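Right, one structure below, let's go through it.
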Amino acid sequence: MGCALVCVLLAVVGCSGERTVRHGVDGRPGGAGAGGAPSAIAGTGGDATGMGGLAPAGGARGGPGGLGGAVQNGGHDGGMAGAAAGRGGAAGLPMQAGHGGDGGESADPMGNGGESADPTGNGGESADPTGSGGAGIAGQNGGGAGGADPVHDRCADPLYLDFVNGEATVSDDTKRATDEFPSLLCGGADASGPLEGGQIYYRFAARPGREYAFLLDAPGFATATFYVFPAGAPCTADAIQSACQSDGVTGTRPTSTSLATLTPFAPADPGDYIVGVDTALPFGSKFTLTIFEYCGTSGATDCKVKGCDVGLGPACSGNTLSDCTTDGTATVTTDCAMTGKTCARGTCVATVEDLVGNTGWTTQTADAGADGVTLLDFYEATVSRTITELEMYLVEPEVFVLDWRILEATNRAGPYQTIFSTTSMSGGANETSDETTGPIHVPIVAGRFYAMGVALPASARYFVEQQAEKSLPLDVFFGHLTSAAVLPTASPGAVSYPEPGTFVIAEYVTTAL
Numbered sequence: 005m006g007c008a009l010v011c012v013l014l015a016v017v018g019c020s021g022e023r024t025v026r027h028g029v030d031g032r033p034g035g036a037g038a039g040g041a042p043s044a045i046a047g048t049g050g051d052a053t054g055m056g057g058l059a060p061a062g063g064a065r066g067g068p069g070g071l072g073g074a075v076q077n078g079g080h081d082g083g084m085a086g087a088a089a090g091r092g093g094a095a096g097l098p099m100q101a102g103h104g105g106d107g108g109e110s111a112d113p114m115g116n117g118g119e120s121a122d123p124t125g126n127g128g129e130s131a132d133p134t135g136s137g138g139a140g141i142a143g144q145n146g147g148g149a150g151g152a153d154p155v156h157d158r159c160a161d162p163l164y165l166d167f168v169n170g171e172a173t174v175s176d177d178t179k180r181a182t183d184e185f186p187s188l189l190c191g192g193a194d195a196s197g198p199l200e201g202g203q204i205y206y207r208f209a210a211r212p213g214r215e216y217a218f219l220l221d222a223p224g225f226a227t228a229t230f231y232v233f234p235a236g237a238p239c240t241a242d243a244i245q246s247a248c249q250s251d252g253v254t255g256t257r258p259t260s261t262s263l264a265t266l267t268p269f270a271p272a273d274p275g276d277y278i279v280g281v282d283t284a285l286p287f288g289s290k291f292t293l294t295i296f297e298y299c300g301t302s303g304a305t306d307c308k309v310k311g312c313d314v315g316l317g318p319a320c321s322g323n324t325l326s327d328c329t330t331d332g333t334a335t336v337t338t339d340c341a342m343t344g345k346t347c348a349r350g351t352c353v354a355t356v357e358d359l360v361g362n363t364g365w366t367t368q369t370a371d372a373g374a375d376g377v378t379l380l381d382f383y384e385a386t387v388s389r390t391i392t393e394l395e396m397y398l399v400e401p402e403v404f405v406l407d408w409r410i411l412e413a414t415n416r417a418g419p420y421q422t423i424f425s426t427t428s429m430s431g432g433a434n435e436t437s438d439e440t441t442g443p444i445h446v447p448i449v450a451g452r453f454y455a456m457g458v459a460l461p462a463s464a465r466y467f468v469e470q471q472a473e474k475s476l477p478l479d480v481f482f483g484h485l486t487s488a489a490v491l492p493t494a495s496p497g498a499v500s501y502p503e504p505g506t507f508v509i510a511e512y513v514t515t516a517l
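Heads up: the sequence shown is residues 5 to 517, going by the numbering used here.
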């Protein structure tokens, strides 16, 4: 890629207490400085073309100060680095440039260098953990403007990351960045379109015989994602897009950003790679990116020993959650039931909601007859759970009573007897309404059979979800949906099991332990 990198040192203390070193860039020269004041001896002013030093981020040396005036008032404190970045150089000699000061090294990840009284301009050490030099004050009599922390939002200018004990961590905010490639789609399964936010780039070296994994931690609303591509690839949207579709050969991307999950990266070839942290939304967010380096087959000791399959991610075995530790060095298991929760989709949750007929179905609208209608889905329970809510979406012309029912049988054929009923009022006004039982507590038992739904009066309108071919049974969290029925009465007697058809009743069933 031909990315030119000139680096300064940043020292960072991460959450683990390990010290991570990051690099910045040297300060750029400032604008033309004003000349020195007229000399009492020579009686002439200084050359006003001198370039002032720009204070660096992270503590590199600033550029030269302005050219000094004759004899007196030379480029005094040229390129002064200012508060927390180290003072500039000593006063320039006649017609010579003062030099900018060195920014101070810091152990704090915010990175403001310390102030120094050393006339050569070497910055002192600071307790601020960010490790980057603060913005400098403009130098006097020809000194340039102070420095600012670069954003690194261009592919050709990534921030280089070094590994310390198998880990490199960096925190930033994509709100600071602009979007270099608005058409890029490397967002994984959770991104519905192009990545419209600004991105920040990082560069690291993948060494022979080693393996890697990424951990991106950002707020769930941020749609944060990352993508990886070879540093030698062109800085184009097409080249980056090709890399992040290669299943880890030349790049990788996460498929979900709702949970902070380890994503493995096993490049086909060692060498330098670039990581772009991006968002699907244009306003950006804060984030922390951590790259883990595992020893693999290298036999080295300055790396982590992988203790689990980071590619699997969190998984449920019954009610036990298994996952890697944050750094991928061991497997950790959690019994969700110990806190009254359920292991579902790789996390411990209080309840699980099954969306029946939610996607992939064609909605058919119908009106209840003179005797009303009863809408039921039939289930086989394979695990014992507690139903905590039933829901349906309806569009009703009037406000009327909804009669919710749960029926049970000891065999599939039935008969099914009512074990629970409750009523609520429809929304009416011909508007889509989320109709619900509200919180309920109805135990269901593994090995038994259930029918769940609602009875509607004659004036009701209802929906069924249709498919061209039979697709039943359908798996739900607590068992299987095996059939559905539309009974032409709001007051059915004994209910028997219907022959499965090509439709179901769209309903949401929420269960807990």
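For glycine and all other residues, C-beta sits at the position ideal for the given N, C-alpha and C.
Since we're looking at a predicted model, the values are computed, not measured.
Quick check: the Cα distance between residue i and residue j, rounded to an integer number of angstroms?
i, j, result
"Val281", "Val377", "53 Å"
"Ala510", "Cys347", "25 Å"
"Thr515", "Leu359", "12 Å"
"Arg211", "Asp381", "57 Å"
"Val309", "Asp177", "30 Å"
"Asp276", "Ser321", "38 Å"
"Val232", "Gly201", "17 Å"
"Phe424", "Gly457", "11 Å"
"Leu398", "Pro502", "24 Å"
"Thr329", "Leu219", "11 Å"
"Ala532", "Asp251", "The structure shown does not extend to residue 532, since the chain is modelled only from 5 to 517, so the question has no answer here."
"Ser388", "Lys345", "14 Å"
"Thr283", "Gly361", "31 Å"
"Gly31", "Asp153", "With a pLDDT of only 32 at Gly31, under the threshold of 50, the placement of this residue in the model should not be trusted, and no figure is reported."
"Arg452", "Pro443", "23 Å"
"Val449", "Gly311", "39 Å"
"Asp157", "Val314", "29 Å"
"Ala464", "Ala433", "12 Å"
"Gly332", "Leu266", "8 Å"
"Leu485", "Ser437", "24 Å"
"Pro186", "Gln203", "10 Å"
"His445", "Glu393", "8 Å"
"Val513", "Glu395", "7 Å"
"Gly213", "Val279", "20 Å"
For residue i, count neighbouring Cβ atoms within 10 angstroms of its own Cβ and tell me buried if that reaches 16, exposed if not.
i, result
"Met429", "exposed"
"Val356", "buried"
"Phe467", "buried"
"Glu473", "exposed"
"Arg349", "exposed"
"Asp306", "exposed"
"Gln368", "exposed"
"Gln421", "exposed"
"Glu171", "buried"
"Val253", "exposed"
"Gly62", "With a pLDDT of 33 at Gly62, under the threshold of 50, the modelled position of this residue cannot be trusted, and the question is left open."
"Asp183", "buried"
"Glu215", "buried"
"Ser487", "buried"
"Glu402", "exposed"
"Asp327", "buried"
"Pro223", "exposed"
"Gly288", "buried"
Could you name the residues that DSSP lists as bridge partners for residue i?
i, result
"Gln368", "Val468"
"Arg389", "Ile448"
"Gln421", "Glu412"
"Phe208", "Tyr277"
"Gly457", "Leu380, Arg409"
"Thr440", "Glu395"
"Ile295", "Ala172, Phe218"
"Ala488", "Asp381"
"Phe230", "Val281"
"Val499", "Tyr420"
"Ser187", "Ser187 is not bridged to any residue."
"Ser430", "In the DSSP output, where bridge partners are listed per residue, Ser430 has none listed."
"Asp242", "Looking at the DSSP assignment, Asp242 forms no beta bridge with any residue, so it has no partner."
"Leu478", "Leu485"
"Thr514", "Glu357, Glu393"
"Leu163", "Tyr206"
With hydrogens ignored, establish whether the beta-carbon of residue i is closer than 7 Å to any heavy atom of the ligand ATP.
i, result
"Tyr206", "Because no ligand of any kind appears in the structure shown, any question about the ligand ATP cannot be addressed here."
Of all the beta strand (DSSP E) runs that stay within the bounds of the segment 304 to 362, which reach a length of 3 or more residues? Within the segment 304 to 362, the runs of beta strand (DSSP E) that reach at least 3 residues and sit entirely inside it are, in chain order, 319 to 321, 324 to 328, 335 to 339, 346 to 348, 351 to 353, 356 to 360.
Below 8 Å, how does it come out for the segment 440 to 460 and the segment 391 to 407: are there three or more Cβ pairs, yes or no? Segments in contact, yes.
Cβ contact check for the segment 166 to 182 and the segment 286 to 296: 3 or more pairs under 8 Å: Two segments are said to touch when three or more pairs of C-beta atoms, one from each, lie closer than 8 Å; by this definition the segment 166 to 182 touches the segment 286 to 296.
Given 8 Å, three or more beta-carbon pairs between the segment 331 to 343 and the segment 237 to 246: Touching, no, given that fewer than three Cβ pairs across the two stretches are closer than 8 Å.
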